[in-house]
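Sequential numbering from 109 applies to the sequence shown in this note's numbering. Glycine included, each C-beta is placed from N, C-alpha and C at the ideal position.
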Amino acid sequence: MQSASLAERWYVLIMMCLVYTMSIADRYVVSTVLEPIRLELHLTDSGVAWLTGAAFGLFYVVLGFPLS
109 MQSASLAERW YVLIMMCLVY TMSIADRYVV STVLEPIRLE LHLTDSGVAW
159 LTGAAFGLFY VVLGFPLS
């Protein structure tokens, strides 16, 4: 088994830190500003659920492929 090169190790570390940072931002920042967004865009509760659910899922799909 070959060990990963130093550049590959740094790439993995940076990607993991980026994913973790975006995960925290998704949980806390979006939930903090969700009510003003809902009022500004005149969204119903189901509209907010689609907005946050689709964004959450898309984020993990897009960043999940580079990590796998």
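Item: Whether P174 touches M123 by CB criterion (8 Å); Value: yes
Item: Length of the line joining the Cα atoms of A157 and Q110; Value: 45 Å
Item: Local conformation of T152 per DSSP, three classes; Value: coil
Item: C-alpha gap between R146 and S113, whole angstroms; Value: 47 Å
Item: Contact check, V138 vs T160, beta carbons under 8 Å; Value: yes
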